[in-house]
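Undergrad:
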Amino acid sequence: MGNVLCIGSVLWDVIGRSASVMRQGSDVPGRITQIPGGVALNIAMTLVRFGMKPALLSAVGRDVLGDVLIAECEGMGLDCTWLYRSEDLPTDRYMAIEGANGLIAAIADAHSLEAADDKILRPLKDGRLGSAEAPYAGLIALDGNLTETLLSKISRDPAFAAADLRVAPASPGKAERLQPFVTRPGAVLYVNREEAGILCQSDFADAPGAAAALVARGAKRAVVTDGGNACADASAEGLVSERPPEVLVTRVTGAGDTFMAAHMAAEAAGQDREAALSRALTAAARYVSGETPHD
Numbered sequence: 268m269g270n271v272l273c274i275g276s277v278l279w280d281v282i283g284r285s286a287s288v289m290r291q292g293s294d295v296p297g298r299i300t301q302i303p304g305g306v307a308l309n310i311a312m313t314l315v316r317f318g319m320k321p322a323l324l325s326a327v328g329r330d331v332l333g334d335v336l337i338a339e340c341e342g343m344g345l346d347c348t349w350l351y352r353s354e355d356l357p358t359d360r361y362m363a364i365e366g367a368n369g370l371i372a373a374i375a376d377a378h379s380l381e382a383a384d385d386k387i388l389r390p391l392k393d394g395r396l397g398s399a400e401a402p403y404a405g406l407i408a409l410d411g412n413l414t415e416t417l418l419s420k421i422s423r424d425p426a427f428a429a430a431d432l433r434v435a436p437a438s439p440g441k442a443e444r445l446q447p448f449v450t451r452p453g454a455v456l457y458v459n460r461e462e463a464g465i466l467c468q469s470d471f472a473d474a475p476g477a478a479a480a481l482v483a484r485g486a487k488r489a490v491v492t493d494g495g496n497a498c499a500d501a502s503a504e505g506l507v508s509e510r511p512p513e514v515l516v517t518r519v520t521g522a523g524d525t526f527m528a529a530h531m532a533a534e535a536a537g538q539d540r541e542a543a544l545s546r547a548l549t550a551a552a553r554y555v556s557g558e559t560p561h562d
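In the numbering used here, the protein residues as written are 268 to 562.
(1) Distance check for P296 and C419, CA to CA, integer angstroms please.
(2) Looking only at DSSP bridge pairs, what is D280 linked to?
(3) Whole angstroms is fine: what's the gap from L308's alpha carbon to L445's?
(4) Exposed or buried, A478, counting other C-beta atoms within 10 Å across all chains shown (16 or more means buried)?
(5) Apart from the five residues on each side of it in sequence, which residues of its chain come closer than 6 Å, Cβ to Cβ, to A428?
(6) Looking only at DSSP bridge pairs, what is C498 linked to?
(7) Please state whether the Cβ-Cβ distance between L417 and R360 is less than 8 Å.
(8) So, for S508: in the same chain, excluding its five sequence neighbours on each side, which residues have a beta-carbon less than 6 Å away from its beta-carbon?
(9) Closest to D280 by C-alpha separation, out of G333, G318, A533, would be which residue?
(10) If distances are taken between C-alpha atoms only, which option among A363, C340, A543 comes closest to S325?
(11) At which residues does the beta strand (DSSP E) containing T492 begin and terminate?
(12) So within the stretch 351 to 421, which uninterrupted beta strand (DSSP E) runs reach at least 3 residues, ignoring any that extend past its ends?
(13) I think T348 touches A322, with their Cβ atoms under 8 Å apart; what is that distance to the nearest whole Å?
(14) Flag this pair as touching only if the stretch 284 to 298 and the stretch 360 to 374 have three or more C-beta atom pairs under 8 Å; answer yes or no.
(15) Just how far apart, CA to CA, sit I282 and E400?
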C-alpha cells in the first residue's frame, strides 16, 4: 500500500493545443495528445515526482484503453491494486481544447466513475485498507468528479473519520458538490477563487479574502488559488499568502492538481505552511510553463 490514497477520476486526457487565440468556431492548427489524466491521477503522478507512493481508488474499464492506462500508471510507480475494474463500463475520457488565450472548452466523460459509485471505496470499508471500526488514518486526496450523493456519503462516512482528507473540486461547475466538506472536521479544501465564491455564495476580490471566508463558514482549512494573483492558505491559526512566479503559460489543464499534490508532498515532508505554499506555487508555475512534463 502507498503512503497516500488518491480517490477519484483516473482516465485518458485528450488535449488539443494551439498557439493561436481561439474563439467559438475556430479551426486552427495545433497538437493533439492523449495522456493519462483525471484529477486523482494527475495528483498521484505529481506525488510520485516528489518521492511519495500513491495508491489509486477509482473505476477503470476492462477494455483496451483501461489495460493500457493501468500499464502506464504502474510504469510510473503508481499502486493500482485497489482499482475497481468493471466488465461493462468503458474507461473514462476527458477532452479539452486550449488556445493561446487559455482553456476554450472541455468535456469530461466520467460516466463510468459515476456509475461505479461506492464500489471504488470497498477497500476502505472491507478491512483491506480500513473499515468503519478501524478507519484508514493516512493521507487521502479526494477529487470532486464523484457524484454529489457519493461525496455527501463520504463526508459522513466513519471509514474516513481518521484520515487527513484533502479535497479538490473538478471544476467550478462541480464546486457545490463539496459543500458537505466545508464544515467536516479534518478536511482541507483546495479551491480557486471562483469555486470559493460558489461555496460561500459570494464574490471575492482576492484569494486571501476567499480563504478567510471559507474558514469563517466552518472550514478547518482552505487553500485558495487565483491564477497569477496571490494565493492564500487560511486556518484558525491564521493566514499566509504568496504570489506565484511569473511565467509564460503554455498549458492550463492539470495545473491545479499539480499545485495540490506539491503542497501535500511538501507538508508530508514536514515543511511549514509558508514553505509548502511556496513549493506548490513553484511546482504549478513550472507545470504551466511546460518545464515539467505531464507524464
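Just so it is clear, CB atoms sit at the ideal spot from N, CA and C, and this is done for glycine as well.
TA: In terms of the structure at hand:
(1) The sequence position of residue 419 within the sequence shown is 152, counting from 1. The sequence position of residue 296 within the sequence shown is 29, counting from 1. Per the sequence presented here, residue 419 reads as Ser, with Cys not at that position. Spanning the two alpha carbons is a distance of roughly 43 Å.
(2) Here residue 280 refers to the residue found at position 13 when the sequence shown is read from its first residue. According to DSSP, D280 bridges with I302, Y361.
(3) In the sequence shown, counting from the first residue as 1, residue 308 sits at position 41. In the sequence shown, counting from the first residue as 1, residue 445 sits at position 178. Approximately 19 Å, taken between the alpha carbons.
(4) To locate residue 478, count along the sequence shown from 1; it is residue 211. Buried is the call here.
(5) Working through the sequence shown from its first residue, we reach residue 428 at position 161. Counting only Cβ-Cβ distances below 6 Å, and skipping sequence neighbours, we find P402.
(6) Working through the sequence shown from its first residue, we reach residue 498 at position 231. Beta-bridge pairing links C498 to E509.
(7) The sequence position of residue 417 within the sequence shown is 150, counting from 1. The sequence position of residue 360 within the sequence shown is 93, counting from 1. No, these two residues do not count as a Cβ contact at 8 Å.
(8) As a first step, residue 508 is located in the sequence shown; it is residue number 241 there, counting from the start. Same-chain partners within the cutoff: P475, A497, A499.
(9) Numbered from its first residue, the sequence shown carries residue 280 at position 13. With distances taken between Cα atoms, D280 lies closest to G333.
(10) Working through the sequence shown from its first residue, we reach residue 325 at position 58. For S325, the nearest C-alpha among the options comes from C340.
(11) Taking the sequence shown and counting its residues from 1, one reaches residue 492 at position 225. Here the beta strand (DSSP E) through T492 covers 488 to 492.
(12) 351 to 353, 360 to 366, 369 to 376, 406 to 410
(13) What you label residue 348 is simply residue 81 of the sequence shown in a count that begins at 1. What you label residue 322 is simply residue 55 of the sequence shown in a count that begins at 1. Rounded, the Cβ-Cβ distance is 7 Å, consistent with contact.
(14) yes
(15) By 1-based counting over the sequence shown, the position of residue 282 is 15. By 1-based counting over the sequence shown, the position of residue 400 is 133. Between I282 and E400, the C-alpha separation is close to 43 Å.
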